[in-house]
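Taken in order, the sequence shown gives residues 646 to 889; the numbers are from my numbering. Structure, as structure tokens:
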Amino acid sequence: MQIHPIFQHILEFLIPSSCAYCRSPVNGTGIPRFCGQCWADFARINGPVCPRCGKPFGSPEALIHSPGHECASCRRDPPQYDQALAAGLFEGPLREAIHLYKYRPLSALGRPLATWMAGQVAFDAKPDIVMPVPLHRKRLRSRGFNQALLLAHGISKKFDLTLCYDNLVRIRPTRPQVELTGAERTANVKGAFSLLRPTEVKSRGILLIDDVLTTGATMSECSRVLKEAGSGSVVALTLARTAE
Ligand SMILES: [Zn+2]
Ligand SMILES: [Zn+2]
């Protein structure tokens, strides 16, 4: 059974809850289901990363000698986006927060997560348009909100960027990527996206937003559609990415 977000807010207010990650009491953080310590402990990405997909490198060696050095999977199968950035690593309390946000689903986490995400990222060049990865209407109906749109909204506010959520659309339902292996993920999203007004992205720099990047198949497929319509650079930004 799904609880309406308003009742969820009232319940959180009436019944002081324990932290979803460490189970200690949540006191006055203003963040549903998280204590301040766990929220502050979200895993950041501090070390060297692949300049294309953002995958953390085990050692800084490769980048010292060649700053543009891309990881093996980007060299083998270059993604369609120009760069992928992630605010944090998909582990520990951040992973728990994303699970609650997306699968419970707890939309009230959208705003604090977007604020945290916006505080972790910087852009080399300011994008023109922010776009969330769209959900298919059936998924949207069952979840009640697009988790990527709430994040995109926060990012657009923080960086004063134009938000567009009704141009890039998912034209067929796809299986949840979490159920699939790498090769299956690519096939699952192939041809799943389209632009309703392709001319609007022509020569524009696009910032694509999603919650988690794993293989990057979804981001790459969205980027392919944007690039085919003549967009400028596409930067894929997620709240978290996996370490592998
Ligand atoms: Zn905690
Ligand atoms: Zn890479």
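Positions of the beta carbon are idealized from the N, C-alpha and C atoms, including for glycine. The structure presented is a predicted model; accordingly, all values stated were derived computationally and were not measured.
(message) Applying the 10 Å Cβ sphere with the 16-neighbour rule, what's the burial state of Ile651?
(response) exposed
(message) Can you check which of these residues, Arg820, Ala793, Leu884, Leu708, is closest to Met776 by C-alpha distance?
(response) Ala793
(message) Any beta carbon of chain B sitting closer than 7 Å to that of Arg668?
(response) Of the protein chains in this structure there is only one, and it is not chain B.
(message) Just checking Arg726 against ligand 1 - is the residue's beta carbon closer than 6 Å to any of the ligand's heavy atoms?
(response) For the sequence presented, residue 726 should be read as Tyr rather than Arg. No; taking the cut-off as 6 Å, the Cβ of Tyr726 has no heavy atom of ligand 1 nearer than that.
(request) Excluding the 5 residues preceding and the 5 following Pro603 in the sequence, name in chain order all residues of the same chain whose CB lies nearer than 7 Å to its CB. (result) Because the chain spans 646 through 889 in this model, residue 603 falls outside it and cannot be assessed.
(request) Alpha carbon to alpha carbon, how far is Ile851 from Gly875? Give it in angstroms, no decimals. (result) 11 Å
(message) Using only the alpha-carbon positions, how far apart do Glu736 and Phe687 sit?
(response) 8 Å
(request) Report yes if the C-beta of Arg697 is less than 6 Å from at least one heavy atom of ligand 2; otherwise report no. (result) yes
(message) On the DSSP letters alone, give me the boundaries of the alpha helix (DSSP H) that Ala707 sits inside.
(response) 706 to 710
(message) Do Ala731 and Thr883 count as a contact pair if the criterion is CB distance below 7 Å?
(response) yes
(request) Using three-state DSSP, classify Pro723 as helix, strand or coil. (result) coil
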